[in-house]
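Before any comments, here is the structure.
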Amino acid sequence: MSKFKKKKSGDLPAISTASLPDIVFMLLFFFMVATVMRENTLMIENELPYADQVEKLQKKDLVMYIYAGKPSARYQKQFGTEARIQLNDKFADVSDIKQFIIEERGSKREELKNKLTTSLKVDGDTNMGLVTDIKYELRRAEAYRINYTTKNGDASQNLE
Amino acid sequence: MAKRSAPEVNAGSMADIAFLLLIFFLVTTTIETDAGLNRKLPPIQDEPVDPPPLKKKNIFQVLINQQNDILVEEREMELKDVRQAAIDFLDNGGSGCDYCQGKADPASSDNPNKAVILLQQTRETDYSTYIAIQNELVAAYNFLRNREANRLFGMSFTEMEADFNDAQYNGNKDQLEEKIKTVRDLFPLKLSEAEPKESN
Numbered sequence: 002m003s004k005f006k007k008k009k010s011g012d013l014p015a016i017s018t019a020s021l022p023d024i025v026f027m028l029l030f031f032f033m034v035a036t037v038m039r040e041n042t043l044m045i046e047n048e049l050p051y052a053d054q055v056e057k058l059q060k061k062d063l064v065m066y067i068y069a070g071k072p073s074a075r076y077q078k079q080f081g082t083e084a085r086i087q088l089n090d091k092f093a094d095v096s097d098i099k100q101f102i103i104e105e106r107g108s109k110r111e112e113l114k115n116k117l118t119t120s121l122k123v124d125g126d127t128n129m130g131l132v133t134d135i136k137y138e139l140r141r142a143e144a145y146r147i148n149y150t151t152k153n154g155d156a157s158q159n160l161e
Numbered sequence: 049m050a051k052r053s054a055p056e057v058n059a060g061s062m063a064d065i066a067f068l069l070l071i072f073f074l075v076t077t078t079i080e081t082d083a084g085l086n087r088k089l090p091p092i093q094d095e096p097v098d099p100p101p102l103k104k105k106n107i108f109q110v111l112i113n114q115q116n117d118i119l120v121e122e123r124e125m126e127l128k129d130v131r132q133a134a135i136d137f138l139d140n141g142g143s144g145c146d147y148c149q150g151k152a153d154p155a156s157s158d159n160p161n162k163a164v165i166l167l168q169q170t171r172e173t174d175y176s177t178y179i180a181i182q183n184e185l186v187a188a189y190n191f192l193r194n195r196e197a198n199r200l201f202g203m204s205f206t207e208m209e210a211d212f213n214d215a216q217y218n219g220n221k222d223q224l225e226e227k228i229k230t231v232r233d234l235f236p237l238k239l240s241e242a243e244p245k246e247s248n
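Sequence order for the protein chains is A and B. Residues in the first sequence are numbered from 2 upward in steps of one, following our numbering. Residues in the second sequence are numbered from 49 upward in steps of one, following our numbering.
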């Protein structure tokens, strides 16, 4: 009988998983911080074109979004494949834009009303005719500051 | 009495909970694009006003047709050459411009204050082509503004604008605004967009 028992050799010790939660939490925090909850469910295809001379949109709450593009596959039966405008969560007509701008403007504070920017998120394959109509409506609604929202990248990719 | 030790809490399921949250955020994350080209639209004029007389040489005409071909000053052009062509036009310095470094070609623009870029497209032009052209024209202006800003203030124009929009910038903002305005006035953005042509 020996006091010093020989350790069993051969078996690998189990790998401790105690630090696994830490790693997962780290990832979790990253995604929590980076997440921006989508305000609108997109019902259209929205592949933005590329540009590299971009300026960042400043304050998020001073931006109104107008989407345009072909209806996505599940809506094509109902709405066809012609490019359409989407305001908030539904398809809209060009003539609805003025009302939309007025409503959005009404929900903002008085002193911020002339700082509102309209962000145009338009699919790259859309015809300019629709975009021109949108721009004309925005001029009628006196929303002059616009931003063509784009992806950051070389503009020559647009022509492919 | 035997010493009672507090039982250890099993933390094994913590990872599961964290995973659950992680997957939720993974699914809901959309990295939103929040950058783009800023533009200001002109107000609507009630009565058609006669446009101020412009010499033809002070107009830089860019046309895009329904096949997305680019026509610059009545010559077909590739997208990659548009930027240089616009820079040459704006920076020509025919008369009344002492900071221009162009060739002073009498057939091109007089000075950046008079030079106007006219962009015209059809209703069938693709939006992506239009954005590409807009991008190149903005790039031309940015290039010239950067050059002047570097010459006058030793700092590029885009840097100055970034600083100006940065809430944490701790320099003198009024002074910076003044500088930005000076550079802007040297090369004012004069981009006119005509109504698209009806194609038939």
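Beta carbons are placed, not taken as given, at the ideal position from N, Cα and C, and that holds for glycine.
- Residue state for residue 87 (chain A) is assigned as strand, using DSSP reduced to three classes.
- Per DSSP, reduced to three states, the secondary structure at residue 63 (chain A) is helical.
- DSSP, reduced to helix, strand and coil, places residue 235 (chain B) outside both helices and strands of the structure shown, so it counts as coil.
- Following the DSSP letters along the chain, one finds residue 171 (chain B) in no beta strand (DSSP E), marked with neither H nor E.
- Taking 8 Å as the cut-off, the Cβ atoms of residue 186 (chain B) and residue 102 (chain B) do not count as close.
- Proximity of residue 186 (chain B) to chain A, defined by a Cβ-Cβ separation below 8 Å, is satisfied.
- Within the stretch 172-185 of chain B, 172, 173, 174, 175, 176, 177, 178, 179, 180, 182, 183, 184 place their CB atoms closer than 8 Å to a CB of chain A, listed in sequence order.
- Annotation for residue 109 (chain B): the continuous beta strand (DSSP E) segment containing it runs 107-112.
- Residue contact with chain B for residue 54 (chain A): present (Cβ-Cβ distance below 8 Å to some residue of chain B).
- Taking a Cβ-Cβ cut-off of 7 Å, residue 88 (chain A) has no neighbours in chain B, whose nearest Cβ is about 18 Å from it.
- Residue 138 (chain A) and residue 132 (chain A) have their C-alpha atoms spaced approximately 10 Å apart.
- Residue state for residue 183 (chain B) is assigned as helix, using DSSP reduced to three classes.
- The DSSP assignment places complete alpha helix (DSSP H) segments of no fewer than 4 residues inside the stretch 66-134 of chain A at 77-80, 97-107, in order along the chain.
- Per the Cβ contact rule, the stretch 43-57 of chain A is in contact with the stretch 169-189 of chain B (3 or more Cβ pairs under 8 Å).
- Rounded to the nearest angstrom, the Cβ distance from residue 175 (chain B) to residue 129 (chain A) is 6 Å, consistent with a contact under 8 Å.
- In this structure residue 217 (chain B) is exposed. Its beta-carbon is surrounded by fewer than 16 other beta-carbon atoms within 10 angstroms.
- Apart from the 5 residues on each side of it in sequence, residue 145 (chain A) sits with its Cβ closer than 8 Å to the Cβ of 139 in its chain, given in chain order.
- Counting the other Cβ atoms within 10 Å of the Cβ of residue 196 (chain B) gives 16 or more, which makes it buried.
- Scanning its chain for C-beta atoms nearer than 8 Å, with the 5 sequence neighbours on each side dropped, one finds around residue 232 (chain B) the residues 193, in chain order.
- For the 8 Å CB-CB criterion, residue 69 (chain A) and residue 102 (chain A) do not form a contact.
- Counting along the chain, residue 83 (chain B) sits inside the beta strand (DSSP E) bounded by residues 83-88.
- When beta bridges are read from the DSSP output, residue 57 (chain A) appears opposite B:83.
- Here residue 98 (chain A) is buried. Its C-beta has 16 or more other C-beta atoms within 10 Å.
- Per DSSP, the continuous alpha helix (DSSP H) segment holding residue 27 (chain A) begins and ends at 21-35.
- Residues of chain B whose Cβ lies closer than 8 Å to the Cβ of residue 57 (chain A) are, in chain order, 82, 83, 213.
- Taking a cut-off of 8 Å for Cβ pairs, the stretch 102-116 of chain B and the stretch 150-167 of chain B touch, as three or more such pairs fall below it.
- Put simply, the CB of residue 147 (chain A) is near chain B, with a gap under 8 Å to one of its CB atoms.
- Shortest Cα-Cα distance from residue 33 (chain A) to any of B:66, B:133, B:98 involves B:66.
- Separation of the CB atoms of residue 86 (chain B) and residue 148 (chain A) is rounded to 5 Å, and the pair is thereby assigned contact status at 8 Å.
- Residue pairing from DSSP places residue 152 (chain A) in a beta bridge opposite A:51.
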